[in-house]
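Heads up: the structure comes next, in structure tokens.
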Amino acid sequence: PATVERAGPEPTSVAGDSGPAEPRSDDERAGRQLMAQGSPAGAIVAFRQWAYQCPDDPIAHLQLGVALDQEGEGTKARRAYRASLAALDRCDLDELAAGLEGYGVAELRTLLVARSGAAIAAPTADVVVVR
């Protein structure tokens with residue numbers, strides 16, 4: 523799969539744990555606190571509940587994927603990243619961009635594609651058929 527390069531260390535959370543963005547739900551707050559305490563297993567429960575309550579919030583699914591990855595649950599993490607990618611197409615992009623704390627929506631999409639293992643279909647005009 524493709525890798526996404528970004529200057530500096532890779533965050534364990536897209537919305538920084540000490541950043542200015544306020545958590546949007548108690549489940550997000552609990553999950554972020556548990557991740558900061560080094561308890562991804564506990565965070566999975568909170569992030570899963572957040573994603574269930576807010577299915578159109580790509581960050582909820584992304585945070586669940588990060589926690590699952592840290593627990594070694596790669597298959598479940600990829601499923602969460604794919605759900606995040608789908609939610610990205612349903613959410614208010616302006617509102618999302620305001621909460622990304624320095625990340626762009628296109629950068630988030632690239633990260634999600636890379637982590638989900640999703641294939642990006644080539645435009646039909648670029649497809650060449652060889653017989």
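When we follow the numbering used here, the leftmost residue of the sequence shown carries the number 523, and every step to the right adds one.
Glycine included, every Cβ here is placed at the ideal spot set by N, Cα and C.
- In the displayed model, ARG546 falls within coil according to three-state DSSP, outside both helix and strand.
- Shortest Cα-Cα distance from LEU607 to any of GLN575, ALA620, GLN585 involves GLN585.
- By the neighbour-count definition (other C-beta atoms within 10 Å, threshold 16), ARG637 is a buried residue.
- Taken atom to atom, the span from the alpha-carbon of ALA620 to that of VAL627 is near 10 Å.
- Annotated three-state conformation of GLU593 is coil, per DSSP.
- Out of ARG551, GLY587, LYS598, ILE581, the CA that lies nearest to the CA of LEU615 is found in ILE581.
- In this structure, the alpha-carbon of LEU634 lies about 16 Å from that of ALA573.
- CA-to-CA, the gap between ILE566 and ALA602 works out to about 11 Å.
- Residue ASP549 holds the alpha-carbon nearest to the alpha-carbon of HIS583 among TYR625, GLU623, ASP549.
- Residue burial is scored here from C-beta neighbours: ARG554 has at least 16 other C-beta atoms within 10 angstroms and is therefore classed as buried.
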